[in-house]
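Visitor:
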Amino acid sequence: MCGIFGYIGSKDPLTVCLKGLEQLEYRGYDSTGIAGVIAGKIASYKEAGKISLLKQKINLRSLELAIGHTRWATHGKVSQENAHPHVDASQSIALVHNGIIENYSSLRDGLKRQGVLFASETDSEVIVQLVSSFYRGDLCKAVQQTLPLLHGAFAIALIHKDHPDQILVAARESPLAIGFDDEHTESIVSSDPNAFLGRAFNVLFLHDDEIACVQKGRVHLFDQKLVPIAKKIERFETDYQTPSKEGFEHFMLKEIYEQPKTIQNAMFGRADPNFEKFGFSEEEIKSFKNVWILGCGTSAHAGSIGAMYFEDLAKLPASCDIASEARYRDPILGPDTLVIGISQSGETADTLAAIREAKKQGCKILGICNVLHSTLTREATGSIFLKAGPEISVCSTKAFSSQLVVLNLLALHFAHVRGCLAPGEADSYLAELKKIPEQIQEVMQQAPTLQKLAKKYAHYHDFFFMGRRYMFRAAQEAALKLKEISYVNANGYPAGELKHGPLALVNPQLPIVAFCSNMKTQEKILSNLMEVKARGGPILAFAPKQLKEVAAVADDVVWLPSTLDELAPFASTIAGQLLAYFIAKEKGCDIDQPRNLAKSVTVE
Ligand code: M6R
Numbered sequence: 003m004c005g006i007f008g009y010i011g012s013k014d015p016l017t018v019c020l021k022g023l024e025q026l027e028y029r030g031y032d033s034t035g036i037a038g039v040i041a042g043k044i045a046s047y048k049e050a051g052k053i054s055l056l057k058q059k060i061n062l063r064s065l066e067l068a069i070g071h072t073r074w075a076t077h078g079k080v081s082q083e084n085a086h087p088h089v090d091a092s093q094s095i096a097l098v099h100n101g102i103i104e105n106y107s108s109l110r111d112g113l114k115r116q117g118v119l120f121a122s123e124t125d126s127e128v129i130v131q132l133v134s135s136f137y138r139g140d141l142c143k144a145v146q147q148t149l150p151l152l153h154g155a156f157a158i159a160l161i162h163k164d165h166p167d168q169i170l171v172a173a174r175e176s177p178l179a180i181g182f183d184d185e186h187t188e189s190i191v192s193s194d195p196n197a198f199l200g201r202a203f204n205v206l207f208l209h210d211d212e213i214a215c216v217q218k219g220r221v222h223l224f225d226q227k228l229v230p231i232a233k234k235i236e237r238f239e240t241d242y243q244t245p246s247k248e249g250f251e252h253f254m255l256k257e258i259y260e261q262p263k264t265i266q267n268a269m270f271g272r273a274d275p276n277f278e279k280f281g282f283s284e285e286e287i288k289s290f291k292n293v294w295i296l297g298c299g300t301s302a303h304a305g306s307i308g309a310m311y312f313e314d315l316a317k318l319p320a321s322c323d324i325a326s327e328a329r330y331r332d333p334i335l336g337p338d339t340l341v342i343g344i345s346q347s348g349e350t351a352d353t354l355a356a357i358r359e360a361k362k363q364g365c366k367i368l369g370i371c372n373v374l375h376s377t378l379t380r381e382a383t384g385s386i387f388l389k390a391g392p393e394i395s396v397c398s399t400k401a402f403s404s405q406l407v408v409l410n411l412l413a414l415h416f417a418h419v420r421g422c423l424a425p426g427e428a429d430s431y432l433a434e435l436k437k438i439p440e441q442i443q444e445v446m447q448q449a450p451t452l453q454k455l456a457k458k459y460a461h462y463h464d465f466f467f468m469g470r471r472y473m474f475r476a477a478q479e480a481a482l483k484l485k486e487i488s489y490v491n492a493n494g495y496p497a498g499e500l501k502h503g504p505l506a507l508v509n510p511q512l513p514i515v516a517f518c519s520n521m522k523t524q525e526k527i528l529s530n531l532m533e534v535k536a537r538g539g540p541i542l543a544f545a546p547k548q549l550k551e552v553a554a555v556a557d558d559v560v561w562l563p564s565t566l567d568e569l570a571p572f573a574s575t576i577a578g579q580l581l582a583y584f585i586a587k588e589k590g591c592d593i594d595q596p597r598n599l600a601k602s603v604t605v606e
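Counting from 3, one number per residue, gives the positions in the sequence shown under our numbering.
Spelled out as structure tokens, the structure:
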């Protein structure tokens, strides 16, 4: 789960490579490194740490070409030795790798028996050592001989000291984009074409086991047998802007505060029962008998709320599954199931694998995504973009609220097409939805209160978040925010399940964070609060203004705007985002890049 980047061309390879890696840091930030060729020798530099550290220390002048890497550790601890690029024992070839080589251990043992000395604990190093063992003057041939031996997923880029005019790349189940300019003066290879730094490029994507020899402004493509192949070339113009915090202390806070605007962006052209075009005809919409939503983490939480929208608004059976589980299930699927893949990045490995399985079973795929040109949108039948702008903080905030908007309006559109709406129903629903950006401003005005509460609650080691129906999912999402950036244990649970086990946990050291905005179950959640109170658990409630009874039972209440149950997740989760942010700040955590995580999880 790493980012790889390579450059050959008229500009300074080191400078371009460093900039490219900065764009890929969302794929991992445990360690980083760059290699190139200088005067017939491989030169490389790597660091355990972020790219900012590499930038300060690297001193490689006059590279003829460069490959670089930003790592999220899988095999081998975070250390300089395990950082990429990896160089073979003869110091002739350097390699960067994204993915996992599942049979690396047996390959490594075999190479060791032949006397090869390894310098790292990684799975990736076996690739460069294997290529080296096959190399007889033709790098492409050596790569071709290596690929069939590898089990697992990879995108690789290699350079050889004797071939300073080429970068060799190959891929299997991992994205790899190659771009070259019209003048044939430069070429870039990257895990993500959005890292092409704001220039117009001709771009092609490698498919499984294809190999490319990339030269200045030129690409030679081969299949597994080294037969030259031609490929569709797309024109990409990426919008490169150095991400800025715009005066906020962290990207996360900036992104939380952007939500009134990003929610409006997500509504634009869609806040109407007639939704924008997204690749499915009305006949197809009518033909679906059920909806299956797939995603991971925060996207899965949005998907679970989305499934409720489809059932409540469009009267269509719908469910959401965590993609890493779904990909190994054997569900009964067919053309009448609409499969929705939901992902901020569009690169999450499990989500992609799950939709590919569904595709094999004849399902059409709708991708809901924030990143243009991402793998999800390239593989889906149709796509809807969140238009939330780049989300830099690992902790997802604005993408979540935009996902809710899109799922909500999509379900409303399905309801309209399927004739489930009473006259005037869509209008009154949309009127409530359009109030959300303003209501969120109201939540944000409570930031000082949330900061005070964070100070009060930051010393607890465990939290229990609960809610019912829409608020159960809001509780799960808020709990994920807290554990992700504050490193405290937080469980998100349906409040109705309390008596079936978790009530045993309740004690004065376990704050209960209760999300009370689901009015259909208001009496039930009040009873749950009483049960907690009777057992001495501190209660922090997030409640709509009209549910005054909460004040009598909770220790602290954050009052939220009143709205429909379906729309209550917006204010509740945004209040949860702020609480998590302030607790993390109180604890001095690395808020934008929490330990052990990456923005985009590109390996299984
Ligand atoms: O890019 P995706 O939406 O597919 O990412 C899925 C999860 O990895 C992501 O939502 C993760 O849970 C967030 N870091 C949570 O804040």
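The C-beta atom is built at its ideal place from N, Cα and C for all residues, glycine as well.
All values derive from a computational prediction rather than experimental measurement.
Excluding the five sequence neighbours on either side, which residues of its own chain have a C-beta within less than 8 Å of the C-beta of L1, listed in chain order?
Guide: An answer regarding residue 1 cannot be provided, because it is not within the stretch 3 to 606 covered by the chain.
Visitor: If you scan the segment 196-264 from start to end, which runs of the beta strand (DSSP E) of 3 or more residues do you find wholly inside it?
Guide: The qualifying runs are 202-207, 212-217, 220-224, 236-239.
Visitor: Let me make sure I understand the geometry here. Which of I235, V145, K400, G297 has the alpha-carbon closest to that of A355?
Guide: By 1-based counting over the sequence shown, the position of residue 355 is 353. Of the listed residues, the one whose Cα sits closest to A355 is G297.
Visitor: Taking the alpha-carbon of Y489 as reference, which of I53, K587, L335 has the nearest alpha-carbon?
Guide: Numbered from 1 along the sequence shown, position 487 holds the residue referred to as residue 489. The option with the nearest alpha carbon to Y489 is K587.
Visitor: Between K256 and the rest of its own chain, which residues show a CB-CB distance below 7 Å, the 5 nearest in sequence each way excluded?
Guide: Taking the first residue of the sequence shown as position 1, residue 256 is located at position 254. Closer than 7 Å at the Cβ level, and outside the excluded window around K256, lie K247, E248, F250.
Visitor: Using a Cβ-Cβ cutoff of less than 6 Å, which residues in the same chain neighbour Y137 once the five nearest sequence positions on both sides are dropped?
Guide: Locating residue 137 in the sequence shown gives position 135, where the first residue counts as 1. Within the same chain, Y137 has close Cβ partners A144.
Visitor: Considering only heavy atoms of the ligand M6R, does any lie closer than 7 Å to the CB of G30?
Guide: Position 28 of the sequence shown, counting from 1, holds the residue named residue 30. No.
Visitor: Could you tell me the distance, in whole angstroms, from the CA atom of A428 to the CA atom of D274?
Guide: Here residue 428 corresponds to residue number 426 of the sequence shown, with the count starting at 1. Here residue 274 corresponds to residue number 272 of the sequence shown, with the count starting at 1. Looking at the two C-alpha atoms, the distance is approximately 8 Å.
Visitor: Would you check if there are 3 or more beta carbon pairs closer than 8 Å linking the segment 448-465 to the segment 338-354?
Guide: Segments in contact, no.
Visitor: When DSSP builds the beta bridges, which residues end up paired with V293?
Guide: Taking the first residue of the sequence shown as 1, we reach residue 293 at position 291. DSSP output for V293 lists A320, L340 as bridge partner(s).
Visitor: For G35, write down the residues that DSSP places opposite it in a beta bridge.
Guide: For the purposes of this step, residue 35 is identified with residue 33 of the sequence shown, where counting begins at 1. For G35, which the question treats as bridged, DSSP gives the partners K48, H71.
Visitor: Determine whether the beta carbon atoms of I44 and A159 lie at a separation below 8 Å.
Guide: As a first step, residue 44 is located in the sequence shown; it is residue number 42 there, counting from the start. As a first step, residue 159 is located in the sequence shown; it is residue number 157 there, counting from the start. No, they are not a contact pair.
Visitor: In chain order, what residues of the same chain lie with their CB nearer than 7 Å to the CB of A456, ignoring the 5 residues before and after it?
Guide: As a working note, residue 456 is residue 454 in the sequence shown. Excluding sequence neighbours, A456 sits near L581, F584, I585, E588.
Visitor: Please indicate yes or no: does the CB of T76 lie closer than 7 Å to some heavy atom of the ligand M6R?
Guide: Sequence index remark: in the sequence shown, residue 76 carries index 74 (1-based). Checking every heavy atom of the ligand M6R against the Cβ of T76, none is found closer than 7 Å.
Visitor: If we count Cβ pairs, one from each stretch, closer than 8 Å, do we get three or more for the segment 155-174 versus the segment 88-98?
Guide: The segment 155-174 is in contact with the segment 88-98.
Visitor: Alpha carbon to alpha carbon, how far is E285 from S306?
Guide: The residue given as residue 285 occupies position 283 in the sequence shown. The residue given as residue 306 occupies position 304 in the sequence shown. Roughly 25 Å separates the two Cα atoms.
Visitor: Going by CA-CA distance only, name the one from K57, K48, Y31, S126 that's closest to V18.
Guide: Start at 1 with the first residue of the sequence shown, and residue 18 comes out as number 16. Nearest C-alpha to V18: K57.
Visitor: Given 7 Å as the limit, tell me if Q346 has its C-beta closer than that to any heavy atom belonging to the ligand M6R.
Guide: Here residue 346 refers to the residue found at position 344 when the sequence shown is read from its first residue. For the ligand M6R, at least one heavy atom lies less than 7 Å from the Cβ of Q346.
Visitor: Please report the straight-line C-alpha distance between A477 and D323, rounded to a whole angstrom.
Guide: For the purposes of this step, residue 477 is taken as residue 475 along the sequence shown, with counting starting at 1. For the purposes of this step, residue 323 is taken as residue 321 along the sequence shown, with counting starting at 1. Their Cα atoms are separated by approximately 17 Å.
Visitor: Tell me which same chain residues have a C-beta within less than 6 Å of the C-beta of V118, skipping the five on either side of it?
Guide: The residue you call residue 118 lines up with position 116 of the sequence shown. Excluding sequence neighbours, V118 sits near A91, Q131.
Visitor: Assign L65 to one of three DSSP states: helix, strand, or coil.
Guide: Sequence index remark: in the sequence shown, residue 65 carries index 63 (1-based). Residue state, collapsed to three classes: coil.
Visitor: Drop a sphere of 10 angstroms on the beta-carbon of E185, count the other beta-carbons inside from all chains shown, and report buried for 16 or more, exposed for fewer.
Guide: On the sequence shown, residue 185 is found 183 positions in, with the first residue counted as 1. By the neighbour-count rule (16 or more Cβ atoms within 10 Å), E185 is not buried but exposed.
Visitor: What runs of the beta strand (DSSP E), each 3 residues or longer, lie entirely inside the segment 414-480?
Guide: Complete beta strand (DSSP E) runs here, min 3: 464-469.
Visitor: Taking all protein chains shown into account, decide if N84 is buried (16 or more other Cβ within 10 angstroms of its Cβ) or exposed.
Guide: Locating residue 84 in the sequence shown gives position 82, where the first residue counts as 1. Burial call: buried.
Visitor: For D210, does the count of other Cβ atoms within 10 angstroms reach 16, so buried, or fall short, so exposed?
Guide: Start at 1 with the first residue of the sequence shown, and residue 210 comes out as number 208. Exposed is the call here.
Visitor: Measure the C-alpha to C-alpha separation of A600 and G343 and round it to an integer number of angstroms.
Guide: In the sequence shown, residue 600 corresponds to position 598, counting from 1. In the sequence shown, residue 343 corresponds to position 341, counting from 1. Approximately 20 Å between the Cα atoms of the pair.
Visitor: Closer than 6 Å by C-beta to L206: which residues in its own chain qualify, once you throw out the five before and the five after it? Chain order, please.
Guide: Counting from 1 along the sequence shown, the entry for residue 206 is found at position 204. If we look at L206 and ignore the five residues flanking it on each side, its Cβ neighbours are I180, K233, I235.
Visitor: Relative to the C-alpha of D225, which candidate in L149, A197, G154, E188 has its C-alpha closest?
Guide: Taking the first residue of the sequence shown as position 1, residue 225 is located at position 223. Comparing Cα-Cα distances from D225 to each of L149, A197, G154, E188, the minimum goes to L149.
Visitor: Specify the secondary structure class of F572 as computed by DSSP and reduced to three states.
Guide: Within the sequence shown, residue 572 is the residue found at index 570, counting from 1. DSSP places F572 in helix when its eight states are reduced to three.
Visitor: Just verifying my parser: in three-state terms, what is the DSSP assignment at N267?
Guide: Here residue 267 is taken as the residue at index 265 of the sequence shown, counted from 1. The answer is helix: DSSP assigns N267 an H, G or I state.
Visitor: Check whether the Cβ of L507 sits closer than 7 Å to any heavy atom of the ligand M6R, and report yes or no.
Guide: The residue you call residue 507 lines up with position 505 of the sequence shown. No, the beta carbon of L507 sits no closer than 7 Å to any heavy atom of the ligand M6R.
Visitor: At a cut of 8 Å, does the segment 516-532 reach the segment 544-555 through at least three beta carbon pairs?
Guide: Cβ pair count under 8 Å is three or more, so yes.
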